[in-house]
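Asks: Take this structure, written in structure tokens, and hold onto it; I'll ask about it next.
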Amino acid sequence: MSETNDHNRLSVQISATDQRTQGAIDAPIVLVKYGNYQCSHCGEAHKIVQKIQQQLGNQIYFVYRHFPQPQIYPQSQKAAEAAEIAGAQGKFWQMHDTLFKCQNELNNGYLVEYAQQLGLNIPQFLQDMTNHVYADRVNQDWQSGLRSGVTDTPAFFINGYRYENACDFQNLLKALLEATKAH
Numbered sequence: 092m093s094e095t096n097d098h099n100r101l102s103v104q105i106s107a108t109d110q111r112t113q114g115a116i117d118a119p120i121v122l123v124k125y126g127n128y129q130c131s132h133c134g135e136a137h138k139i140v141q142k143i144q145q146q147l148g149n150q151i152y153f154v155y156r157h158f159p160q161p162q163i164y165p166q167s168q169k170a171a172e173a174a175e176i177a178g179a180q181g182k183f184w185q186m187h188d189t190l191f192k193c194q195n196e197l198n199n200g201y202l203v204e205y206a207q208q209l210g211l212n213i214p215q216f217l218q219d220m221t222n223h224v225y226a227d228r229v230n231q232d233w234q235s236g237l238r239s240g241v242t243d244t245p246a247f248f249i250n251g252y253r254y255e256n257a258c259d260f261q262n263l264l265k266a267l268l269e270a271t272k273a274h
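In my numbering, the protein residues as written are 92 to 274.
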């Protein structure tokens with residue numbers, strides 16, 4: 092999966108060292124999701140992905156990439172940065188789940204509250220939020236999404252190819268199972 096302008100293919104390779112992954116990198120299915128924490132469709136897709144991960148177990152490698160759309164979702168950039176800050180403290184997935192669970196409550200006060208609930212170092216969290224320490228990382232995801240043809244969220248790629256069908260459990264599961272046959 093190298094750099095490409097083909098908008099039906101993933102343009103940026105998956106990294107084994109990326110903390111925003113779940114599962115074994117050598118799994119027969121690689122599912123990449125571009126999403127943002129304020130988008131209600133992404134919230135629904137989050138539940139679907141969790142259900143699929145439970146069903147497929149070690150057959151799936153899941154990668155999450157940020158695609159904030161602050162012109163539509165004004166809190167999405169800050170929420171993505173908060174998730175990255177939590178990740179730097181070893182709690183990306185816990186913050187990720189919390190942000191999707193609390194999609195309508197993503198202003199600064201709530202983000203600090205979630206950080207406290209997760210036991211994060213609050214002075215460091217506040218400093219990183221104020222200084223936008225992870226803004227470039229979030230922007231790199233956004234740029235990779237644009238290069239891959241992402242214009243809206245959620246956007247899925249299965250084994251490097253864009254999944255364009257309805258984002259419901261049955262259709263996505265069927266596409267993922269078909270990908271295992273092609274692997």
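The beta-carbon is built from N, C-alpha and C at its ideal position, and this holds for glycine as well. In this text the structure is predicted, and so the values were computed from the model without any measurement.
To which residues of the same chain is Gly178 closer than 6 Å at the C-beta, ignoring the five residues directly before and after it?
Replies: Mapped onto the sequence shown, residue 178 falls at position 87. Within the same chain, Gly178 has close Cβ partners Gln110.
Asks: Here's a check: name, in chain order, each residue in its chain whose Cβ is nearer than 6 Å to the Cβ of Ser93, leaving out the five neighbours to either side.
Replies: In the sequence shown, the residue the question calls residue 93 occupies position 2. Here the model assigns Ser93 a pLDDT of 40, short of 50, so the residue's position is not dependable and the matter cannot be decided.
Asks: Does DSSP put Val229 in a helix, a strand or coil?
Replies: Within the sequence shown, numbered from 1, the residue matching residue 229 stands at position 138. Of the three classes helix, strand and coil, the one that applies to Val229 here is helix, per DSSP.
Asks: To the nearest angstrom, how far is the alpha carbon of Gly210 from that of Val224?
Replies: Reading the sequence shown from its first residue, position 119 is the one you call residue 210. Reading the sequence shown from its first residue, position 133 is the one you call residue 224. Rounded to whole angstroms, Gly210 to Val224 spans 20 Å at the Cα level.
Asks: Can the beta-carbon of Tyr164 be found less than 7 Å from the beta-carbon of Gln129?
Replies: Counting from 1 along the sequence shown, the entry for residue 164 is found at position 73. Counting from 1 along the sequence shown, the entry for residue 129 is found at position 38. The answer is yes: Cβ separation under 7 Å.
Asks: Of the choices Gln141, Gly134, Arg156 and Gln150, whose alpha-carbon is the least far from that of Val123?
Replies: Position 32 of the sequence shown, counting from 1, holds the residue named residue 123. Looking at the Cα atoms, Arg156 is the closest of the given residues.
Asks: Pull up the distance between the alpha-carbon of Tyr254 and that of Asn99, whole angstroms please.
Replies: As a position in the sequence shown, residue 254 is number 163, starting the count at 1. As a position in the sequence shown, residue 99 is number 8, starting the count at 1. Going by the C-alpha atoms only, they are around 8 Å apart.
Asks: By how many angstroms is the C-alpha of Cys258 removed from the C-alpha of Ala136?
Replies: The count along the sequence shown starts at 1 and reaches residue 136 at position 45. The count along the sequence shown starts at 1 and reaches residue 258 at position 167. Spanning the two alpha carbons is a distance of roughly 7 Å.
Asks: Taking the alpha carbon of Gln218 as the point to measure from, which residue in Val203, Asn230, Ala246 and Phe183 has its own alpha carbon closest?
Replies: Counted from its first residue, the sequence shown places residue 218 at position 127. Measuring from the Cα of Gln218, the nearest candidate turns out to be Val203.
Asks: So who's on the other strand from Gly251, going by DSSP bridges?
Replies: Residue numbering aside, residue 251 sits at position 160 when the sequence shown is read from its first letter. Under the DSSP definition of a beta bridge, Gly251 lacks any partner.
Asks: Under 7 Å between the Cβ atoms of Thr244 and Gly126?
Replies: Here residue 244 is taken as the residue at index 153 of the sequence shown, counted from 1. Here residue 126 is taken as the residue at index 35 of the sequence shown, counted from 1. Result yes, Cβ atoms of Thr244 and Gly126 sit closer than 7 Å.
Asks: Using CA atoms only, rank isn't needed, just tell me which of Val140, Ser131 and Pro159 is closest to Asn262.
Replies: Taking the sequence shown and counting its residues from 1, one reaches residue 262 at position 171. Among Val140, Ser131 and Pro159, the Cα nearest to that of Asn262 is on Val140.
Asks: Check each candidate in Gly148, Ser131 and His132 and name the one with the smallest Cα separation from Ile120.
Replies: Walking along the sequence shown from the start, residue 120 turns up at place 29. The closest CA to that of Ile120, considering only Gly148, Ser131 and His132, is found on Gly148.
Asks: What are the start and end residues of each continuous alpha helix (DSSP H) run of 4 or more residues lying completely inside the region 151 to 183, in chain order?
Replies: 167 to 179
Asks: Might you give, ordered along the chain, the residues of its own chain that have their beta carbon closer than 7 Å to the beta carbon of Ser131, omitting 5 neighbours on each side?
Replies: The sequence position of residue 131 within the sequence shown is 40, counting from 1. Cβ within range, chain order: Gln194.
Asks: List the endpoints of the continuous beta strand (DSSP E) containing Leu122.
Replies: Taking the first residue of the sequence shown as position 1, residue 122 is located at position 31. Start and end: Ile120 to Gly126.
Asks: Say the cut is 6 Å; is the CB of Glu175 nearer than that to a heavy atom of the ligand ATP?
Replies: This structure simply doesn't include the ligand ATP, nor any ligand for that matter.
Asks: Thinking C-alpha only, which one of Cys133, Ala118 and Gln185 is nearest Ile249?
Replies: Locating residue 249 in the sequence shown gives position 158, where the first residue counts as 1. Cα-wise, what sits closest to Ile249 is Ala118.
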